[in-house]
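Colleague: Let me give you the structure first, and then I'll get to my questions.
There are 2 protein chains.
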Amino acid sequence: MSLKRSVRREFLKRGAALAGGLGLGAAKPAVGQTPAPGAFIKGTDERVAYGERSQYVTSTRIPHGGRPSPDAFGLDFHIAAPLQDSVGVITPSSLHYVGTTRGSFTPNIDPAEHRLMIHGMVERPLIFTVDELKRLPSVTRMHFIECAGNRANRRHTTVQETHGMTSCAEWTGVLLSTLLNEAGVQEGGNWIVAEGVEEVKGASSIPMSKAMDDCLVCYGMNGEAVRPQQGFPLRLLAPGFEGILSVKWLRRIKVVDQFYMTYSDYGHLRQDADDAALSLQIGPKSVITYPSGGQQLAGRGFYEIKGLAWSGGGAVARVEVSTDGGRNWTDAQIRGTAHRMAHTRFTLNWEWDGSESELMSRCTDELGSVQPMRAQITEYWTQRGQPGRVRGQDNSIQPWRVESDGSVHNAIT
Amino acid sequence: MSLKRSVRREFLKRGAALAGGLGLGAAKPAVGQTPAPGAFIKGTDERVAYGERSQYVTSTRIPHGGRPSPDAFGLDFHIAAPLQDSVGVITPSSLHYVGTTRGSFTPNIDPAEHRLMIHGMVERPLIFTVDELKRLPSVTRMHFIECAGNRANRRHTTVQETHGMTSCAEWTGVLLSTLLNEAGVQEGGNWIVAEGVEEVKGASSIPMSKAMDDCLVCYGMNGEAVRPQQGFPLRLLAPGFEGILSVKWLRRIKVVDQFYMTYSDYGHLRQDADDAALSLQIGPKSVITYPSGGQQLAGRGFYEIKGLAWSGGGAVARVEVSTDGGRNWTDAQIRGTAHRMAHTRFTLNWEWDGSESELMSRCTDELGSVQPMRAQITEYWTQRGQPGRVRGQDNSIQPWRVESDGSVHNAIT
Numbered sequence: 001m002s003l004k005r006s007v008r009r010e011f012l013k014r015g016a017a018l019a020g021g022l023g024l025g026a027a028k029p030a031v032g033q034t035p036a037p038g039a040f041i042k043g044t045d046e047r048v049a050y051g052e053r054s055q056y057v058t059s060t061r062i063p064h065g066g067r068p069s070p071d072a073f074g075l076d077f078h079i080a081a082p083l084q085d086s087v088g089v090i091t092p093s094s095l096h097y098v099g100t101t102r103g104s105f106t107p108n109i110d111p112a113e114h115r116l117m118i119h120g121m122v123e124r125p126l127i128f129t130v131d132e133l134k135r136l137p138s139v140t141r142m143h144f145i146e147c148a149g150n151r152a153n154r155r156h157t158t159v160q161e162t163h164g165m166t167s168c169a170e171w172t173g174v175l176l177s178t179l180l181n182e183a184g185v186q187e188g189g190n191w192i193v194a195e196g197v198e199e200v201k202g203a204s205s206i207p208m209s210k211a212m213d214d215c216l217v218c219y220g221m222n223g224e225a226v227r228p229q230q231g232f233p234l235r236l237l238a239p240g241f242e243g244i245l246s247v248k249w250l251r252r253i254k255v256v257d258q259f260y261m262t263y264s265d266y267g268h269l270r271q272d273a274d275d276a277a278l279s280l281q282i283g284p285k286s287v288i289t290y291p292s293g294g295q296q297l298a299g300r301g302f303y304e305i306k307g308l309a310w311s312g313g314g315a316v317a318r319v320e321v322s323t324d325g326g327r328n329w330t331d332a333q334i335r336g337t338a339h340r341m342a343h344t345r346f347t348l349n350w351e352w353d354g355s356e357s358e359l360m361s362r363c364t365d366e367l368g369s370v371q372p373m374r375a376q377i378t379e380y381w382t383q384r385g386q387p388g389r390v391r392g393q394d395n396s397i398q399p400w401r402v403e404s405d406g407s408v409h410n411a412i413t
Numbered sequence: 414m415s416l417k418r419s420v421r422r423e424f425l426k427r428g429a430a431l432a433g434g435l436g437l438g439a440a441k442p443a444v445g446q447t448p449a450p451g452a453f454i455k456g457t458d459e460r461v462a463y464g465e466r467s468q469y470v471t472s473t474r475i476p477h478g479g480r481p482s483p484d485a486f487g488l489d490f491h492i493a494a495p496l497q498d499s500v501g502v503i504t505p506s507s508l509h510y511v512g513t514t515r516g517s518f519t520p521n522i523d524p525a526e527h528r529l530m531i532h533g534m535v536e537r538p539l540i541f542t543v544d545e546l547k548r549l550p551s552v553t554r555m556h557f558i559e560c561a562g563n564r565a566n567r568r569h570t571t572v573q574e575t576h577g578m579t580s581c582a583e584w585t586g587v588l589l590s591t592l593l594n595e596a597g598v599q600e601g602g603n604w605i606v607a608e609g610v611e612e613v614k615g616a617s618s619i620p621m622s623k624a625m626d627d628c629l630v631c632y633g634m635n636g637e638a639v640r641p642q643q644g645f646p647l648r649l650l651a652p653g654f655e656g657i658l659s660v661k662w663l664r665r666i667k668v669v670d671q672f673y674m675t676y677s678d679y680g681h682l683r684q685d686a687d688d689a690a691l692s693l694q695i696g697p698k699s700v701i702t703y704p705s706g707g708q709q710l711a712g713r714g715f716y717e718i719k720g721l722a723w724s725g726g727g728a729v730a731r732v733e734v735s736t737d738g739g740r741n742w743t744d745a746q747i748r749g750t751a752h753r754m755a756h757t758r759f760t761l762n763w764e765w766d767g768s769e770s771e772l773m774s775r776c777t778d779e780l781g782s783v784q785p786m787r788a789q790i791t792e793y794w795t796q797r798g799q800p801g802r803v804r805g806q807d808n809s810i811q812p813w814r815v816e817s818d819g820s821v822h823n824a825i826t
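Heads up: the sequence lines are chains F and R, in that order.
With the first letter of the first sequence counted as 1, position 34 gets the number 34 in the working numbering; the numbers rise by one all the way through.
So the working numbering is basically just the index in the second sequence, starting at one, shifted up by 413.
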């Protein structure tokens with residue numbers, strides 16, 4: 001393949017940068033020696049049962065935007081994923097972002113006692129136990145969830161702060177359409193209200209067209225049960241729509257005739273069509289995770305630029321990368337399968353010459369929608385008499401500035 | 414889609430079995446009530462940083478085959494994944510099977526001190542730090558790893574005992590070919606010996622054709638760093654080949670001229686071509702995970718049969734399921750994308766009439782190779798004068814017997 005050849009040529013060209021530093025004599029060879037007996041993790045019954053990560057891996061979630069957003073109990077209820085350390089497209093369940101409508105007290109639900117009720121404008125109201133749901137036809141799909149509040153500003157320093165309120169997992173469950181068809185939606189049942197087990201019930205209103213299209217009632221996530229912070233034992237998933245619609249600790253779906261304003265719908269009662277069109281569905285979006293703000297390049301030479309792209313409109317079709325602040329763009333490589341409404345890993349080989357550079361990525365989805373520059377969004381709202389207003393999803397292009405000393409900074413102005 | 418319609422018809426047909434039991438009045442409705450304040454998991458800084466699973470989810474790994482195989486330190490070094498609880502295709506990293514050549518003392522490696530050396534019959538011997546590897550072009554791929562010892566026998570009671578020594582993860586790393594091309598393989602360098610950090614060095618010999626095809630040097634697994642039990646910070650992955658060749662705690666790759674017998678190659682010095690052909694690459698394989706041995710059906714009615722299929726020969730092309738001990742076969746549905754050398758989830762809608770049934774699944778891979786019946790394998794070896802001998806991979810079809818009381822049992826005779 002041509003990649004392999006070009007990579008080899010690039011490495012060989014690099015001279016002192018990387019290849020030179022990798023010469024046999026240049027590094028401390030820890031290889032070839034048997035480690036001392038103390039250098040082992042002792043096996044325990046617990047570690048056999050359910051393994052842990054290395055003590056040297058300290059990547060953690062942080063409060064959204066780097067600033068605590070305490071609830072009435074003084075606890076954070078918006079927690080961002082460490083995208084700067086991400087590899088591949090899966091977010092580990094332990095590091096998946098968390099947003100709750102209010103309160104970070106996670107419901108501690110015994111699944112044997114939990115029920116899901118389907119009622120309202122249906123022919124046959126139904127109640128399912130979790131075990132009964134697991135008997136029904138299932139699907140497994142990769143999907144991202146993103147909080148509508150996942151917006152970058154110039155005060156943010158890292159990609160965890162600018163973009164950490166999105167994550168991606170392998171979700172397993174039953175299509176909501178399977179349950180609604182079984183219940184039998186009555187004529188005029190045009191919306192659903194989905195309610196979870198939260199102090200404020202965490203309800204959301206979703207159009208029936210979306211509910212019957214691709215919404216899932218999930219019991220599985222990344223190969224095991226949905227985690228408590230993600231809605232154990234049941235989470236509604238509304239793929240590609242803003243995260244608040246993916247109701248956690250799901251206990252009730254009521255078929256109704258119209259949009260109902262619930263606690264979690266505070267952002268969804270639209271005054272105008274522009275707002276509505278920009279609100280529910282996440283636009284085409286991407287961000288470079290390496291190199292990103294707060295990281296430090298070791299010196300000039302070869303680097304693989306890595307990032308994540310996603311869209312609520314379907315699969316990512318194309319990602320372009322610029323290393324000169326948007327003057328020139330190069331097609332990045334999509335790594336692995338670009339699943340619909342899922343994080344997609346992109347990469348670009350880059351030879352850094354040591355000069356100041358501005359890195360950007362731009363996503364185009366399968367509908368042909370293209371991620372906008374921040375200036376375009378500003379112009380859009382300025383033309384509508386609301387300069388500087390952030391509304392709907394902010395899916396604008398994120399710039400990172402690489403200084404000549406190798407430090408990387410948020411370049412939003 | 415026709416599935417939805419047929420599913421609905423099936424549910425409605427079920428009468429007392431499932432649909433009846435789901436009627437609104439029949440269940441204890443825990444829905445609609447706000448839980449007591451004590452029913453919450455209190456948020457802690459630690460849980461914010463790195464989340465945990467529910468206290469009600471107790472699925473764990475067990476010693477392989479259900480019987481401890483203690484090493485010199487009295488610890489188990491073959492640990493099986495709980496496939497009976499699996500959803501989707503990813504195995505959570507905490508539940509990924511573990512096999513080590515000897516000793517369950519997991520190396521506790523500081524990645525900053527770790528090196529990977531490429532040497533032997535190469536033009537330019539190289540040493541890489543982990544950070545240097547992360548600068549190189551990466552790939553992300555779903556791949557299973559399976560231990561050659563993943564064999565079922567009639568004493569096993571659950572799918573964890575019969576098949577738990579296989580797992581699947583999203584792996585991220587550098588193609589080994591990228592590193593070997595950079596080092597420059599000399600004429601006659603036909604094999605590699607890959608060595609890890611273990612008491613016995615955990616070395617394995619791999620043909621150069623495989624090394625240059627699709628082997629990976631992985632630093633990422635399921636979206637985070639490779640776990641210590643899986644080889645942190647670096648694991649060699651030889652997709653589709655038996656697990657012992659996917660060397661953990663990788664520190665050295667030596668290009669050599671021929672097969673070298675190392676500690677981990679004890680099973681690979683072949684006396685004959687039959688053995689060799691059946692040894693390195695995992696054949697087409699599948700197993701039903703639900704219903705499976707030790708599980709209990711709640712009564713007659715609708716069930717979705719769920720299982721996993723995989724092959725070392727490439728992607729799973731087809732899975733058939735029999736509910737009558739192999740007399741009749743029906744095509745199962747493949748759920749999600751059938752990746753090459755990866756677990757693939759299959760399902761089949763099943764209306765259980767309450768009579769004794771024998772469930773089987775049969776995998777065909779993209780090469781057209783078909784998973785054999787146990788009787789075929791027995792006949793193969795009997796014809797070669799070795800009746801009853803288990804050699805190479807055992808990829809035979811696993812039968813589960815559902816008794817009329819709903820209990821499920823291993824049906825190997």
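Every residue, glycine too, gets a C-beta built ideally from N, C-alpha and C.
1) Ignore the nearest five residues each way along the sequence and tell me which others in residue 769 of chain R's own chain have a CB closer than 8 Å to its CB.
2) Just how far apart, CA to CA, sit residue 666 of chain R and residue 727 of chain R?
3) Is DSSP giving residue 543 of chain R helix, strand or coil here?
4) Could you have a look at residue 22 of chain F and say whether DSSP puts it in helix, strand or coil?
5) Tell me which residues of the segment 343–371 of chain F have at least one Cβ-Cβ distance to chain R shorter than 9 Å, keeping chain order.
6) Since residue 702 of chain R and residue 496 of chain R are thought to touch, with beta carbons under 8 Å apart, how far apart are those beta carbons, to the nearest angstrom?
7) Near residue 196 of chain F, what residues of its chain come up, given a Cβ to Cβ distance below 6 Å and the 5 sequence neighbours on each side ignored?
8) Below 7 Å between beta carbons is the criterion; list the residues of the segment 641–653 of chain R that meet it against any residue of chain F, in chain order.
9) Does any CB atom of chain F fall closer than 8 Å to the CB of residue 717 of chain R?
10) Where residue 778 of chain R and residue 695 of chain R are concerned, what is the direct C-alpha to C-alpha distance, given to the nearest angstrom?
11) Can you pull the chain R residues whose beta carbon is under 9 Å from the beta carbon of residue 61 of chain F, in chain order?
12) What runs of the alpha helix (DSSP H), each 4 residues or longer, lie entirely inside the segment 233–302 of chain F?
13) With C-beta atoms as the reference, is residue 774 of chain R less than 8 Å away from residue 732 of chain R?
14) Using 8 Å for Cβ pairs, my map puts residue 551 of chain R next to residue 586 of chain R. What's the rounded Cβ distance?
15) State buried or exposed for residue 799 of chain R, treating a residue as buried only when at least 16 other CB atoms are found within 10 Å of its CB.
16) Could you have a look at residue 221 of chain F and say whether DSSP puts it in helix, strand or coil?
17) Under the rule that 16 or more other beta-carbon atoms within 10 Å means buried, what is residue 167 of chain F, buried or exposed?
18) Please indicate yes or no: does the CB of residue 692 of chain R lie closer than 7 Å to some heavy atom of the ligand FMN?
19) State the beta-bridge partners of residue 746 of chain R as determined by DSSP.
20) Can you tell me whether residue 790 of chain R is helix, strand or coil according to DSSP?
21) Which residues of chain F have a Cβ atom closer than 7 Å to the Cβ of residue 524 of chain R, listed in chain order?
22) Is residue 520 of chain R helix, strand or coil when you go by DSSP?
23) Roughly how many angstroms lie between the CA atoms of residue 218 of chain F and residue 328 of chain F, to the nearest whole one?
24) Which of the three DSSP states is assigned to residue 772 of chain R in this structure?
25) Residues bridged to residue 778 of chain R by DSSP?
26) To the nearest angstrom, how far is the alpha carbon of residue 377 of chain F from that of residue 473 of chain R?
27) Does residue 624 of chain R pass the burial test, meaning 16 or more other C-beta atoms within 10 Å, or should it be called exposed?
28) Could you give the residue range of the alpha helix (DSSP H) that holds residue 159 of chain F?
29) Of all the options R:756, R:493, R:710, R:498, which has the alpha carbon lying nearest to the alpha carbon of residue 844 of chain R?
30) Indicate the three-state DSSP secondary structure (helix, strand or coil) for residue 823 of chain R in the structure shown.
31) Report the rounded CA-to-CA distance for residue 519 of chain R versus residue 241 of chain F, giving the unit in angstroms.
32) Please state whether the Cβ-Cβ distance between residue 284 of chain F and residue 371 of chain F is less than 8 Å.
33) Below 7 Å between beta carbons is the criterion; list the residues of the segment 156–170 of chain F that meet it against any residue of chain R, in chain order.
34) Using a beta-carbon distance below 8 Å, is residue 314 of chain F in contact with chain R?
35) Just how far apart, CA to CA, sit residue 375 of chain F and residue 758 of chain R?
36) Is residue 710 of chain R near residue 819 of chain R, with beta carbons less than 8 Å apart?
Modeller: Let me lay it out:
1) 814, 815, 816, 817
2) 25 Å
3) helix
4) Bear in mind that a pLDDT of 38 at residue 22 of chain F, under 50, signals an unreliable position, so the number given afterwards is only what the model happens to contain. Residue 22 of chain F: helix per DSSP, three-state reduction.
5) 345, 347, 349
6) Correct: roughly 5 Å between the Cβ atoms.
7) 202, 247, 248, 249, 250
8) Going along the segment 641–653 of chain R in chain order, one finds 641, 642, 645 with a Cβ nearer than 7 Å to chain F.
9) Put simply, the CB of residue 717 of chain R is near chain F, with a gap under 8 Å to one of its CB atoms.
10) 11 Å
11) 461, 462, 463, 464
12) 273–279
13) yes
14) 6 Å
15) That one is exposed.
16) strand
17) buried
18) You won't find the ligand FMN in this model; it holds no ligand whatsoever.
19) Paired residues: R:760.
20) helix
21) 56
22) strand
23) 42 Å
24) strand
25) Looking at the DSSP output, residue 778 of chain R sits in a beta bridge with R:729.
26) Taking the straight line from one Cα to the other gives about 49 Å.
27) buried
28) 159–163
29) Because chain R spans 414 through 826 in this model, residue 844 of chain R falls outside it and cannot be assessed.
30) strand
31) 43 Å
32) Residue 284 of chain F places its beta carbon less than 8 Å from that of residue 371 of chain F.
33) Within the segment 156–170 of chain F, the residues whose Cβ lies closer than 7 Å to some Cβ of chain R are 170, listed in chain order.
34) no
35) 45 Å
36) yes
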